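Student:
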Amino acid sequence: MTCTNRPGGITMWAWIFSVAAHLVLLAVFARVRFSLVPDAPSPATIPVVAVEQIEQIIKQAAILPKPKVKRFLSNRTVKRENEINFPAEVRTDEFYKQKSLPEALATGGIEMLSSVHFSHDRTEFFGQSTSLRRICYVVDCSGSMQGMFSRVRKQLKNSIAKLLPDHYFCIIFFGGERLLESGRGKLRRATPDEKSAASAFIDTVGPTGGTNVLAAVERAMRLSDPAGKGPQLIYLLTDGLDLDRLDNADFALHVEYLRKKLAPETKINTIGFWAQPDDCRVLQAVARISNGQFTNID
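What follows is the structure, encoded as structure tokens:
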């Protein structure tokens, strides 16, 4: 048996095996090492803002904080500085009755304006004043009114001219067997046109004939406005009733009977124009029974 020693060959294979083993170990360690390193961060995104957006933000109004409100204490007595002390005379009704609206306001008594009675809010006929809104004037134009009728005509025109737009009115003249009516037999609203037409109508009437008061009063009670409402007040003016003593006694009762039947809420203001004492007593009774007023003109 032959034994051959080859030390050089064994040494070479040992070196090759050692290098290969180290390379494998290095590869394993490298893989483990890099698997533990986190991913590299991506580059940061830089925000882009337009110049116009920046200008809008700058121009916006500053937001102010909500103001703080102190709690109101109901039991606290508040003292007004520069408190107005009204004069004692301002607080009386009589003072205001003597003042016009501008004067009353200038005086400082606004709280008392409700008690002021302004003349333009009332209707007046021969001194009889009323605040009622639906009015009928029943006026004597008989022949006995000759020489006095111009005064009646003037008073009637002045009364109608001062009516307000929310008034309704009608005029009935009676003389002899005729009744002359304004407003086509209706209570008409006191518009400028209606008042102008009534003034022209008054100028066409003159005294003539006898006196027939009862027919005129009954006709006035049957009048109504466009809503079907009758007169609230009748002004009855006459210089006499041309009745005997017995008829005079029944006249007031007859008028009251008609009033209750046709217009129970109507008041009658009577005006005796140079009337005789007996006629004045009858006119006074008519007014009293209907809660109206009586005036004697002489």
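Count along the sequence shown from 1, then add 232; that gives the number in my numbering. Beta carbons are placed, not taken as given, at the ideal position from N, Cα and C, and that holds for glycine. If you're wondering where the values come from, they're calculated on a predicted model, not measured in any experiment.
Can you tell me whether I248 is buried or exposed? The criterion is at least 16 other CB atoms within 10 Å of its CB, across all chains shown.
Tutor: By one-based count along the sequence shown, residue 248 stands at place 16. By the neighbour-count rule (16 or more Cβ atoms within 10 Å), I248 is not buried but exposed.
Student: Going by DSSP, name the residue or residues bridged to T362.
Tutor: On the sequence shown, residue 362 is found 130 positions in, with the first residue counted as 1. T362 is bridged to T355.
Student: Are the CB atoms of F357 and Y467 nearer to each other than 8 Å?
Tutor: For this step, residue 357 is matched to residue 125 along the sequence shown. For this step, residue 467 is matched to residue 235 along the sequence shown. Taking 8 Å as the Cβ cut-off, F357 and Y467 qualify as a contacting pair.
Student: Quick check: the Cα distance between L515 and L465, rounded to an integer number of angstroms?
Tutor: Residue 515 sits at position 283 when you count from the first residue of the sequence shown. Residue 465 sits at position 233 when you count from the first residue of the sequence shown. Spanning the two alpha carbons is a distance of roughly 15 Å.
Student: Evaluate T443 with the Cβ neighbour count: other Cβ atoms within 10 Å of its Cβ, from every protein chain shown; 16 or more gives buried, anything less gives exposed.
Tutor: One-based indexing of the sequence shown puts residue 443 at position 211. Classification of T443: buried, given that the 10 Å Cβ count is 16 or more.
Student: Which parts of the stretch 453 to 513 are runs of the alpha helix (DSSP H), unbroken and 4 residues or longer, counting only runs that do not cross its ends?
Tutor: Counting whole runs of 4 or more residues, the stretch 453 to 513 contains the alpha helix (DSSP H) stretches 477 to 494.
Student: Using C-beta distances below 6 Å, list every residue in its chain close to N528, excluding the 5 sequence neighbours before and after it, in chain order.
Tutor: Residue mapping note: residue 528 aligns to position 296 of the sequence shown, counting from 1. Taken in chain order, the residues that qualify are G504, C512.
Student: Pick out whichever of R383, T362, L419 has its Cα sitting closest to the Cα of K394.
Tutor: Position 162 of the sequence shown, counted from the start, is the residue given in the question as residue 394. Comparing Cα positions, the closest option is T362.
Student: Quick check on D530: does DSSP put it in helix, strand or coil?
Tutor: Stepping through the sequence shown from its first residue, residue 530 is reached at position 298. D530 falls in the coil class under three-state DSSP.
Student: What separation, rounded to the nearest whole angstrom, lies between the Cα atoms of R354 and I392?
Tutor: Residue mapping note: residue 354 aligns to position 122 of the sequence shown, counting from 1. Residue mapping note: residue 392 aligns to position 160 of the sequence shown, counting from 1. The straight-line gap from Cα to Cα measures roughly 11 Å.
Student: What does the Cβ neighbour count give for A452, buried or exposed, with the cut at 16 atoms within 10 Å?
Tutor: In the sequence shown, counting from the first residue as 1, residue 452 sits at position 220. By the neighbour-count rule (16 or more Cβ atoms within 10 Å), A452 is buried.
Student: Just mark Q508 as buried or exposed, buried being the case when its beta carbon has 16 or more other beta carbons within 10 Å.
Tutor: For the purposes of this step, residue 508 is taken as the residue at position 276 of the sequence shown. Result: exposed.
Student: According to DSSP, what are the bridge partners of I404?
Tutor: As a first step, residue 404 must be located in the sequence shown, where it is residue number 172. DSSP output for I404 lists V370, E413 as bridge partner(s).
Student: Excluding the 5 residues preceding and the 5 following S250 in the sequence, name in chain order all residues of the same chain whose CB lies nearer than 6 Å to its CB.
Tutor: Reading the sequence shown from its first residue, position 18 is the one you call residue 250. So no residue of the chain qualifies.
Student: Who are the near neighbours of R385 in its chain, counting only those whose CB is closer than 7 Å to its CB and skipping five residues on each side?
Tutor: Here residue 385 corresponds to residue number 153 of the sequence shown, with the count starting at 1. Excluding residues within five positions, the ones whose Cβ falls inside 7 Å are I434.
Student: Using 8 Å as the Cβ pair cut-off and three pairs as the minimum, do the stretch 360 to 380 and the stretch 397 to 412 touch?
Tutor: Output reads yes: the stretch 397 to 412 touches the stretch 360 to 380.
Student: Just to confirm before moving on: does the CB-CB distance between A495 and P463 stay below 8 Å?
Tutor: To locate residue 495, count along the sequence shown from 1; it is residue 263. To locate residue 463, count along the sequence shown from 1; it is residue 231. In this structure, P463 lies closer than 8 Å to A495 by Cβ.
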